[in-house]
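To start, the structure under review is shown below, and the notes come after it.
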Amino acid sequence: MTMEQLQDVVAQEGMPRFTAKQIADWIYKKRVDSIDKMSNLSAKNREKLAASYEIGIKPPVEAIKSVDGTIKYLFSAGEGAFVEAVYIPDGDRATLCVSSQVGCKMNCLFCMTGKQSYTANLTANEILNQIYALPQFDKLTNLVFMGMGEPCDNLSNLLQAIRVLTADYGTAMSPHRITVSTVGLRKGLKPLLDAGDYHIAVSLHHPIPEKRSELMPAEKGYSIKEAIELLRNYDFSHQRRLTFEYIVFKGVNDTLYHGRELLKLLEGLDCRINLIRYHAIPSVPLEGVALEEMTKLRDYLTKNGIFTTIRASRGEDIFAACGMLSTLKQKNKQ
245 MTMEQLQDVV AQEGMPRFTA KQIADWIYKK RVDSIDKMSN LSAKNREKLA ASYEIGIKPP
305 VEAIKSVDGT IKYLFSAGEG AFVEAVYIPD GDRATLCVSS QVGCKMNCLF CMTGKQSYTA
365 NLTANEILNQ IYALPQFDKL TNLVFMGMGE PCDNLSNLLQ AIRVLTADYG TAMSPHRITV
425 STVGLRKGLK PLLDAGDYHI AVSLHHPIPE KRSELMPAEK GYSIKEAIEL LRNYDFSHQR
485 RLTFEYIVFK GVNDTLYHGR ELLKLLEGLD CRINLIRYHA IPSVPLEGVA LEEMTKLRDY
545 LTKNGIFTTI RASRGEDIFA ACGMLSTLKQ KNKQ
């Protein structure tokens, strides 16, 4: 709940208005797991709250740690359903990759989450729980909403969670430490862009729309060219950053021809490209490429005006592809 919603709760329960601030402190600052622990509320008020509400914080049901320090956490999302959050430490920086849905409607060819099909939107509580229930919560410096699901397909709950995270009564996290990834849905992209100054990461993966649609069916509903025209209306020249995510597939999108097409597609747009190594998933006829080939593409794009990086591959020994651990857990529950 936001502060306004907490104020509504205490008003309905006949409590003083300042009680909302006390409750927010206990939930978001002290991260208590029980209303009984809110010791500066009267016993009567705690009893009232406990009759109708719960904190909603639930620990992960499983954790797998990689040799490189990456930890994949599994959270319950209802009967037989699970979502993943991935903690990635890197020197003085610690990033959490957060999920927004159980499964996904986008059905991208290369994504294991899409093979689960869509089950449900996560509530704001379930999104925030991946963050507040994290054992390393106090070490977090950055959040990326690019786990399971399409954030723009669950926009109201996503934005509710971000409002809490960036509010003074919540985590007070700078929006410039938050990145939201999207395939670029027609219904959600503009509201997402208008809602705050957090970074945007667009899943691109092929510069030719017809070929992109073979990898990403969402292209048929809202072309990447239309999405880019919309993005041109926003200022990404200062602290806000626009990145295009580009998984490199052997023989599909990995040549300098594709590099030239990327330059044409993104011409004049203040952005960067993040090249990503492909983590193979079962029964999908796609292959990754050698680092040498990725480096050639990176250097070509950077030399010709678009700053391009190669994302460091993390957690390959712990079901690295998004959705693999949750899929396995669901199968074991059946």
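Mapping the sequence shown onto our numbering, position 200 (from 1) lands on 444, and the numbers just tick up by one.
Heads up, the beta-carbon is just placed ideally off N, CA and C, and yes, glycines get one too.
The beta strand (DSSP E) with residue i in it runs from where to where?
i      : result
SER425 : 422–426
PRO529 : Careful: PRO529 lies outside any beta strand (DSSP E) and carries neither H nor E.
ALA329 : 326–334
VAL492 : 486–492
LYS288 : Element bounds for LYS288: not the beta strand (DSSP E) but the alpha helix (DSSP H), 287–296.
TYR522 : First-last for TYR522: undefined, no H or E at that position.
LYS309 : 306–309
VAL446 : 443–447
THR552 : 552–554
ALA338 : 337–341
LEU387 : 386–389
Mind reading off the beta-carbon distance from residue i to residue j? Whole number of angstroms is fine, and I expect it under 8 Å.
i      : j      : result
VAL555 : LEU513 : Per the sequence shown, residue 555 should be read as Arg rather than Val. Rounded, the Cβ-Cβ distance is 20 Å, inconsistent with contact.
ASN351 : PRO461 : 6 Å
VAL276 : THR263 : Not confirmed; about 15 Å, so no contact.
THR367 : GLU394 : Going by Cβ atoms, the distance from THR367 to GLU394 rounds to 16 Å, so no, they are not a contact pair.
LYS383 : ALA329 : So it is not a contact: roughly 14 Å between Cβ atoms.
PHE488 : ILE517 : 5 Å
ASN289 : MET259 : 5 Å
LYS434 : LEU486 : Not confirmed; about 14 Å, so no contact.
GLN266 : MET245 : Contact flag wrong, Cβ pair sits at about 14 Å.
What residues in its chain sit with their C-beta under 6 Å from that of residue i, if we drop five residues either side in the sequence?
i      : result
GLY440 : PRO419
GLY432 : CYS396, LEU399
ALA509 : Reading off the sequence, residue 509 comes out as Leu, not Ala. Here the set comprises PRO451.
ASN548 : LEU507
ILE299 : ASP277
ALA325 : VAL346, THR363
LEU500 : TYR544
LEU437 : TYR478
THR546 : THR552
MET538 : VAL492, LEU519, ILE554
MET417 : LEU409, THR410
Taking residue i as the reference, give the member of the options with the closest Cα.
i      : options                        : result
ILE371 : LYS349, GLY495, ALA338, VAL327 : VAL327
LEU507 : LEU293, ILE550, TYR331, ILE375 : ILE550
VAL446 : TYR544, ILE491, THR385         : ILE491
ALA580 : THR339, PHE493, SER457, TYR331 : Only positions 245 to 578 of the chain appear in this structure, which leaves residue 580 out of reach.
ASP280 : LEU519, ALA294, SER320         : ALA294
MET392 : TYR362, GLY414, ALA416, ASN401 : TYR362
THR385 : GLU458, ALA524, VAL533, CYS341 : CYS341
ARG422 : TYR544, PRO435, TYR413, LEU402 : Rather than Arg, the amino acid found at residue 422 in this sequence is Ile. Checked all of TYR544, PRO435, TYR413, LEU402; the closest Cα to ILE422 is LEU402.
HIS482 : GLU536, GLU511, LYS288, TYR442 : TYR442
SER527 : ASP412, PRO260, LYS359, LYS349 : LYS359
VAL533 : MET390, THR415, ASP498, TYR272 : ASP498
ARG558 : PHE319, LEU530, ASN369, ARG521 : ARG521
GLY414 : LYS349, GLN374, TYR272         : TYR272
GLN256 : LEU530, SER296, GLY495, MET282 : SER296
VAL424 : ARG484, LYS274, GLU458         : ARG484
LYS469 : GLU505, LYS494, VAL496         : GLU505
ARG542 : LEU530, GLU511, CYS515, GLY503 : GLY503
LYS494 : GLY335, SER286, GLU536, PHE319 : GLU536
ALA321 : LYS309, ASN373, SER286         : ASN373
ALA268 : ILE444, HIS523, PRO333, ALA411 : ALA411
LYS309 : LEU530, PRO333, ALA471         : PRO333
SER471 : ILE444, LEU459, PHE389         : Here the sequence assigns Ala to residue 471, which means Ser is not the residue at that position. Comparing Cα positions, the closest option is ILE444.
ILE375 : SER286, HIS523, PHE319         : PHE319
If I measure Cβ to Cβ from residue i and keep anything under 7 Å in the same chain, skipping five residues before and after, which residues do I get?
i      : result
GLU291 : none
TYR466 : GLY428, LEU429, ARG430
ASN369 : GLY300
GLU463 : PRO453, ARG456, SER457
Where do the N-terminal and C-terminal ends of the alpha helix (DSSP H) with residue i fall, by residue?
i      : result
GLU458 : 453–459
GLU470 : 468–475
THR357 : 356–360
THR211 : Residue 211 is absent from the structure shown; the chain starts at 245 and stops at 578.
TYR501 : 500–509
THR546 : 535–547
TYR317 : Taken as a continuous stretch (DSSP letters only), TYR317 belongs to no alpha helix (DSSP H), being part of the beta strand (DSSP E) at 315–320.
THR410 : 399–410
ALA368 : 368–376
VAL254 : 247–256
ASP438 : 430–439
Take residue i and list the residues in its own chain whose beta-carbon comes closer than 8 Å to its own, dropping the five residues that flank it on each side.
i      : result
LYS540 : LEU500
GLN251 : ARG261, ALA264
ASP336 : THR385
VAL496 : HIS450, LYS455, LEU459, LEU530
The ligand MN and residue i: does the residue's C-beta get closer than 8 Å to at least one heavy atom of that ligand?
i      : result
ASN373 : No copy of the ligand MN appears in this structure; indeed no ligand is present at all.
Using 8 Å as the Cβ pair cut-off and three pairs as the minimum, do the segment 346–360 and the segment 304–315 touch?
no
Should the segment 332–347 be regarded as contacting the segment 443–453, the criterion being three or more beta carbon pairs within less than 8 Å?
No, they do not touch.
Spell out a yes or no on whether the segment 300–310 and the segment 366–382 are touching, meaning 3 or more CB-CB pairs, one atom from each, closer than 8 Å.
yes
Taking three-plus beta-carbon pairs below 8 Å as touching, is the segment 452–465 in contact with the segment 406–420?
Flag = no, the segment 452–465 and the segment 406–420 do not touch.
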